[in-house]
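Chemist:
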Amino acid sequence: MFNFRIKHKAQNSQARTGIISTSHGKINTPAFIPVATQATVKALTPIQLEEIGFEAVLCNTYHLYLRPGAALVKKMGGLQKFMAWNKPLFTDSGGFQVFSLKNGLCEVNDDGVTFKSHIDASKHIFTPEKSMQIQRKLGADLIFAFDQCLALNADYETTKKSLERTHAWAVRSLREFKRLNKDKKQALYGIVQGGRFLELRQKSAKFISSLGFDAIGIGSIFGDPKDESRKIVEHTLKFLPPGKPKHLLGIGAVEDIFTYVEMGMDTFDCVLPTRLARVGYIYIRPESGGKPENKFRYRITTSKFKSDKKPLDGHCDCYVCQNFSRAYLHHLFKAEELLSYTLATYHNLYFFARMMREIRESIEKDKFRELKRKWVK
RNA sequence: GCGGGUGUCGUACAACGGUUAGUAUAGAAGCCUGUGGAGCUUCGGAAGAGGGUUCGACUCCCUUCACCCGCC
Numbered sequence: 200m201f202n203f204r205i206k207h208k209a210q211n212s213q214a215r216t217g218i219i220s221t222s223h224g225k226i227n228t229p230a231f232i233p234v235a236t237q238a239t240v241k242a243l244t245p246i247q248l249e250e251i252g253f254e255a256v257l258c259n260t261y262h263l264y265l266r267p268g269a270a271l272v273k274k275m276g277g278l279q280k281f282m283a284w285n286k287p288l289f290t291d292s293g294g295f296q297v298f299s300l301k302n303g304l305c306e307v308n309d310d311g312v313t314f315k316s317h318i319d320a321s322k323h324i325f326t327p328e329k330s331m332q333i334q335r336k337l338g339a340d341l342i343f344a345f346d347q348c349l350a351l352n353a354d355y356e357t358t359k360k361s362l363e364r365t366h367a368w369a370v371r372s373l374r375e376f377k378r379l380n381k382d383k384k385q386a387l388y389g390i391v392q393g394g395r396f397l398e399l400r401q402k403s404a405k406f407i408s409s410l411g412f413d414a415i416g417i418g419s420i421f422g423d424p425k426d427e428s429r430k431i432v433e434h435t436l437k438f439l440p441p442g443k444p445k446h447l448l449g450i451g452a453v454e455d456i457f458t459y460v461e462m463g464m465d466t467f468d469c470v471l472p473t474r475l476a477r478v479g480y481i482y483i484r485p486e487s488g489g490k491p492e493n494k495f496r497y498r499i500t501t502s503k504f505k506s507d508k509k510p511l512d513g514h515c516d517c518y519v520c521q522n523f524s525r526a527y528l529h530h531l532f533k534a535e536e537l538l539s540y541t542l543a544t545y546h547n548l549y550f551f552a553r554m555m556r557e558i559r560e561s562i563e564k565d566k567f568r569e570l571k572r573k574w575v576k
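Sequential numbering of the first sequence, starting at 200, is according to our numbering.
Listed below in structure tokens is the structure:
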């Protein structure tokens, strides 16, 4: 099942709150979706994710297809059962991972993408149909059409060609999805591409909207340069159906989230808080000095924290900040102790969950602008 | 005690009688937006001591000190 209900629209911006309903429960939007690449949000248990307050995570089709394999996941009862996450779940289509494979490990033609596994260099092919079949076997509630991701600096002709391909793949993805999804268990996001060209983005937005996807994702936005990314998303949104959920793929810088929530985006997935946690970046709230200039974070590994008794963030009420000092986290990172990953990830994700909760509350009280001003000016 | 060997960044190793003594790792600082417990960038850091040979010694010689191995 799938349903999206808009709860509240802001008065002086496009920001809104809503609820995405799936077979595995609800997602209150705007929401940040942590990435669980290999069917795990690295270093955390599902119980911890729930405790932090997340209602959905996103897994990667590319990784799970290569290992342990979609058939195995299906045999184990589906992704949710396999990873003990009994809540809404997304899978990415594999398009981006294939795109980001290094030094020509992949080759794209109109049919699909041929690529070599980063694990054992074995050869594989992804087509829109194959991506749908794999995502069906994995069994996530919310899945993505197979698209071609492109670098933002690609020239017009390249982008145009790529967009035509993505559109053809969108049609094929949807057709295969409908064939497989007779029981309506899953919902499919179409993906808008078009690189840095507003004209192509517009064309893509209109085309993808016309196909009848359950929801829309916007792809190939990389956050920087900010002005350009903002213009692209803003322009794209003008041509998308207002009543459908909109997901911004791969975006997760704090400043960007405020920007795009204000424009009307509903969900975001990003590796930033988790990946950065693993190398010692700690997010801090504005009350503690977090601001766009420092990207709301600092590095706990710097030697000045060696004997700092304070919590990671003095204005954070998460489990980590209530119980551990910066000195302890600093030590764990220096000693490469496993707990460092868990504690830093827990804190960073808590930071995001709380921020999103505050964003939702502010929208419903018509105070999003004030909250945004407090965070990003 | 005798014989042999080795002394080079914190650690492990390298080269060479002649520009600025190299590499790895550790250290310091920074980067990461649909993969990355990985990776990348930058910086700091060394000839055991003393003497001799030589235009010039980390390199060759001597003394001394330290450590290692073997023997009694």
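The beta carbon of each residue, even a glycine, is placed where N, CA and C say it ideally should be.
I need the straight-line Cα distance from Met-462 to Asn-380, nearest angstrom please.
Modeler: Those two C-alpha atoms are separated by around 31 Å.
Chemist: Given a threshold of 16 other Cβ atoms within 10 Å of its Cβ, counted over all protein chains shown, does Pro-229 qualify as buried or as exposed?
Modeler: Looking at its Cβ environment, which holds 16 or more other Cβ atoms inside 10 Å, Pro-229 is buried.
Chemist: How is Arg-496 classed by DSSP in three states: helix, strand or coil?
Modeler: Strand.
Chemist: Going by CA-CA distance only, name the one from Leu-511, Phe-325 and Phe-532 that's closest to Thr-500.
Modeler: The option with the nearest alpha carbon to Thr-500 is Phe-532.
Chemist: Assuming Phe-421 contacts Tyr-482 under a Cβ cut-off of 8 Å, what Cβ separation, rounded to an integer in Å, is found between them?
Modeler: Not really, about 20 Å apart at Cβ, beyond 8 Å.
Chemist: Taking all protein chains shown into account, decide if Val-478 is buried (16 or more other Cβ within 10 angstroms of its Cβ) or exposed.
Modeler: Classification for Val-478: exposed.
Chemist: Assign Arg-266 to buried or exposed, taking buried as 16 or more other Cβ atoms, counted over all protein chains shown, within 10 Å of its Cβ.
Modeler: Exposed: under 16 other Cβ atoms inside 10 Å.
Chemist: Taking just the CA atoms, how far does Lys-377 sit from Asn-259?
Modeler: Their backbone Cα atoms lie some 21 Å apart in a straight line.
Chemist: Check the C-beta distance from Leu-271 over to Gly-338 and give it rounded, since I have them as a contact under 8 Å.
Modeler: Not quite, the Cβ-Cβ distance comes to about 12 Å (not below 8 Å), so this is no contact.
Chemist: Residues in its own chain within less than 7 Å of Met-331 by CB, not counting five upstream and five downstream?
Modeler: The answer, listed in chain order, is Ser-372, Glu-375, Phe-376 and Leu-379.
Chemist: Have a look at Glu-306 and Pro-233 and give me their C-alpha separation to the nearest angstrom.
Modeler: The straight-line gap from Cα to Cα measures roughly 29 Å.
Chemist: Does DSSP classify Cys-469 as helix, strand or coil?
Modeler: Strand.
Chemist: By DSSP, does Pro-233 sit in helix, in strand, or in coil?
Modeler: Strand at Pro-233.
Chemist: Take Leu-542 and list the residues in its own chain whose beta-carbon comes closer than 8 Å to its own, dropping the five residues that flank it on each side.
Modeler: Cβ neighbours of Leu-542 beyond the five flanking positions: Val-519, Phe-523, Leu-528 and Leu-531.
Chemist: Taking Ala-350 as part of the alpha helix (DSSP H), name the residues at either end of that continuous run.
Modeler: First-last for Ala-350: undefined, no H or E at that position.
Chemist: What is the DSSP secondary structure of Val-307, reduced to helix, strand or coil?
Modeler: The answer is strand: DSSP assigns Val-307 an E or B state.
Chemist: If I measure Cβ to Cβ from Lys-505 and keep anything under 7 Å in the same chain, skipping five residues before and after, which residues do I get?
Modeler: Taken in chain order, the residues that qualify are Ala-526 and His-529.
Chemist: In the DSSP assignment, find the beta strand (DSSP E) that holds Glu-238 and state where it starts and stops.
Modeler: Sequence check: residue 238 is Ala here, not Glu. First-last for Ala-238: undefined, no H or E at that position.
Chemist: Where do the ends of the alpha helix (DSSP H) carrying Asp-426 lie?
Modeler: Taken as a continuous stretch (DSSP letters only), the alpha helix (DSSP H) holding Asp-426 covers 425-436.
Chemist: To the nearest angstrom, report how far apart Leu-304 and Phe-314 are at their CA atoms.
Modeler: If you take the alpha carbons of Leu-304 and Phe-314, they lie about 6 Å apart.
Chemist: Output the distance between the C-alpha atoms of Phe-201 and Gly-389, rounded to the nearest integer angstrom.
Modeler: Rounded to whole angstroms, Phe-201 to Gly-389 spans 15 Å at the Cα level.
Chemist: Would you mind sorting His-446 into buried or exposed? The rule is 16 or more other CB atoms within 10 Å of its CB.
Modeler: Classification of His-446: buried, given that the 10 Å Cβ count is 16 or more.
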